[in-house]
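Everything on this sheet refers to the single structure shown next.
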Amino acid sequence: MAGFPAPLTHRPAIAGRHYVAAAGHPLATMAAVRILEMGGNAIDAGVAAGLCTNVLQTDMTNIGGVAPIILYHAGKNVVRTISGLGTWPAATSREFFLNECGGKIPGGVHHCVMPAAVDAWTTALKEFGTLSFAEVAAPAIALAEEGFAAYNFFCENIAADAARLAQWPSNAEIYLPGGAPPRLGARFVQSDLGGLLRMLIEAEEGASHRGREAAIQAARDRFYTGDIAERTARFFEEQGGFLALDDLKNFHVDIEEPVMANYRGYQVYSCGPWCQGPVIPQTMAILEGYDLASLGHNSASTLHFIIEALDAAFADRERYVGDPKFIDVPIDGLVNPDYAATWRERIDPDHAFGAMPEAGDPWRYQKQGGSAKRTSERDPRAFRAKVDPDTSYLCVVDEAGNAFSATPSDGVTNTPIVPGLGFIVSGRGGQSWLDADHPSVLAPGKRPRLTPSPGLLMKDGRLVAPVGSPGNDVQVQAIVQLIVDLIDFKMDPQAAVEAPRVATFNYPRSSSPHPYSPGLVNAESRIAADTLAELSRRGHRIEPWGDWEARAGSLCTIVVDEDQRLLTGGADPRRMAYAFGW
């Protein structure tokens, strides 16, 4: 991907010799830069940016929410994922939702799973970083206690959800002072959240004599087993929620091997089937069989094959993907190139599927030792409903070649804040199902199938790029189109990030109430009208988005050019993302 042509972009691609960081808010990016300038590595800087994101974008993310991570550690020469996703409490009852909630998973305390971000951030820092928690948390504390200027996206989201925020005094006190949402440009302070971070640092300092890793563990343990956990559990007991102290004490994230597929000599990595991440490598495996470069960038044929490959992966996601600790997932089969070829046989180059296709049979391509167990086929009901926006993204690459890629999520607008502590407990339970035959059916101790899903590209054992985006089910779609633009069309990272995108909704959405829109494709209006007309002729039900649509995702990436010894970052102008490097 060397020798980018001069692009016509709204922002310049940011190139650096030593490091580049990109995040969903410019102040989070600058926090990463501060840590790198202190001598920290990409993991230290990524955790700092993540903590700042949990302060700056609490409408979209939270320190009590989720934080899935994929990283490359150059010294150890390993790609690893951290499953920053919580489990349902032990007292959770599917029958409660069926009998008491009308067969729905409502907001409030009842959709809460374990808060995972603190464990994810501290695990990454302890195992792959170099600095203390106090050092990487310092920028976030300053932003929480001193405040930051409320910006458009934040103000609009809080105003839109003011009625829901008003349900809980702890939320209203912070986000609706005087009964009104924050004004644009006003200084927004979160003293309780700053105090929470200081409590974790206090625990770290008290254990500093035991060494860096043990001290970071002590900070983590105060949140899950100490007085913070006790206050959290007490609040949930008062509110009638499922979460109990033992749930917090027994919870931990996992460090895991990633999922991978090859694409034109590149290795496309994702997190495991506890999230929708495998959609990315599976889609790329299908697209491997099409000469997209010869078809032209964002041509009708290129977009048709991308949409159909995504529809194939989403059909398999609906049939097979869920918490692998509870169900057998044919993950090797899903990304197997021979299995991808069976999908290409089913994809008609001139006609869209029109509705979600029947899932394939990846079990035939599973490695030895796989199970033939399959969940039953379902015929989902078509309906439309609003799905709440959430999530941010951040990535960092340092001079040593380490990379950090994370997608924190879970905003404050539909879940109560724990009084005095300034954080919510993850509401990600809304991405479970109540259908007993669904692979992501709700169960005690089980993880919902998460939409946040950071990615990473490698080639021949060398780092190429971290990739990621917010956007619910659109996340993986935006990442797929970014990878195609980078590899097939050799686009400058900023140009690839800014390129107009499409999004298919030809599957049940991940978030409750799981709406399904057969054949629907949203397309940004910058795509040529004749291209959209041809997609319509092929059977896609096109509904236009605006030229720059926030629902199309907000990509960030950093591309490594080893020949030039340069890092080049791109950040999406559709929201607040910014890149910076040196």
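Heads up: the sequence shown at position 520 corresponds to 529 in this note's numbering, and the numbers run straight through without jumps. Don't be surprised by glycine CBs; every beta carbon is placed ideally from N, CA and C.
Just to check my reading of the structure: residue i and residue j have Cβ atoms closer than 8 Å, yes? What is that Cβ distance to the nearest angstrom?
i	j	result
Ala126	Ile52	With a Cβ gap of about 15 Å, Ala126 and Ile52 do not count as contacting.
Arg437	Val88	Wrong, their Cβ atoms sit about 24 Å apart, outside the cutoff.
Arg510	Glu533	6 Å
His34	Thr62	6 Å
Asn515	Phe362	7 Å
His549	Gly562	No, His549 and Gly562 are not in contact; Cβ-Cβ is about 19 Å, not under 8 Å.
Pro425	Trp177	4 Å
His119	Phe251	7 Å
Glu213	Ser102	Contact doesn't hold; Cβ gap of about 37 Å is too wide.
Val29	Ala452	The Cβ separation is near 41 Å, so there is no contact.
Val434	Val288	Contact doesn't hold; Cβ gap of about 27 Å is too wide.
Gly431	Gly117	That pair is no contact at about 18 Å.
Phe163	Leu80	In fact, because the Cβ distance is near 28 Å, the residues do not count as touching under 8 Å.
Val75	Leu459	6 Å
Asp201	Gly429	6 Å
Leu94	Trp283	6 Å
Ala153	Gln199	5 Å
Gly187	Trp591	In fact, because the Cβ distance is near 42 Å, the residues do not count as touching under 8 Å.
Pro371	Asp325	7 Å
Gly281	Thr90	6 Å
Under a Cβ-count criterion, where at least 16 other Cβ atoms within 10 Å of its own Cβ denotes burial, should residue i be classed as buried or exposed?
i	result
Phe392	exposed
Ser217	exposed
Cys110	exposed
Gln573	exposed
Asn86	exposed
Gly59	buried
Ala349	buried
His261	exposed
For the beta strand (DSSP E) that residue i lies in, which residues bound it at each end?
i	result
Pro290	Per DSSP, Pro290 belongs to no beta strand (DSSP E); it is in the alpha helix (DSSP H), Val288 to Leu296.
Phe589	Tyr587 to Gly590
Thr566	Cys565 to Asp570
Gly464	Gly464 to Lys468
Thr513	Val511 to Thr513
Ser414	Ala412 to Ala415
Ala532	Leu529 to Glu533
Pro553	Arg550 to Trp554
Over what stretch of residues does the alpha helix (DSSP H) that includes residue i continue unbroken?
i	result
His313	Ala309 to Tyr329
Leu36	Pro35 to Glu46
Glu106	One point to set straight first is that residue 106 is Phe, not Glu, in the sequence displayed. Run containing Phe106: Arg103 to Glu109, per the alpha helix (DSSP H) assignment.
Phe232	Arg221 to Tyr233
Gly342	Ile340 to Leu343
Arg26	Taken as a continuous stretch (DSSP letters only), Arg26 belongs to no alpha helix (DSSP H), as it is neither H nor E.
Ser545	Ala538 to Arg546
Leu656	With the chain represented from 10 up to 591, any question about residue 656 goes unanswered, as that position is not in the structure.
Ser217	Here Ser217 belongs to no alpha helix (DSSP H), and DSSP marks it neither H nor E.
Leu17	Neither: Leu17 is in no alpha helix (DSSP H) and is coded neither H nor E.
Ala302	Leu301 to Leu304
Which class does residue i belong to by DSSP, given the choice of helix, strand or coil?
i	result
Leu575	strand
Asn271	strand
Arg280	Residue identity check: residue 280 is Cys in the sequence provided, not Arg. Note: Cys280 maps to coil in three-state DSSP.
Gly203	helix
Pro365	Note that residue 365 is Met in the sequence shown, not Pro. Looking at Met365 - three-state DSSP - the assignment turns out to be coil, as it is neither helix nor strand.
His603	Because the chain here runs from 10 to 591, residue 603 falls outside it and cannot be looked at.
Arg518	coil
Phe392	strand
Arg471	strand
Val75	strand
Val56	helix
Phe498	coil
Ile91	strand
Glu266	coil
Val405	strand
Arg240	helix
Asp6	Given that the chain is displayed from residue 10 to residue 591, the structure contains no residue 6 and the question cannot be resolved.
Lys382	Unreliable positioning characterises Lys382 in this predicted model, as indicated by a pLDDT of 48, which lies under 50. A coordinate reading is not provided.
Leu80	strand
Arg584	coil
Tyr525	strand
Val485	helix
Val506	helix
Phe245	helix
Val198	coil
Consider the Cβ of residue i: report whether some Cβ of chain E lies at a distance smaller than 8 Å.
i	result
Ser435	Reference to chain E is not applicable here, since this structure consists of a single protein chain.
(request) Pick out the complete alpha helix (DSSP H) segments inside the stretch 136 to 194, 4 residues or longer, and give them in chain order. (result) 142 to 155, 161 to 169, 171 to 174 and 178 to 184
(request) Only counting runs of 3 or more residues, tell me where the beta strand (DSSP E) segments fall wholly within the stretch 419 to 464, in order along the chain. (result) none
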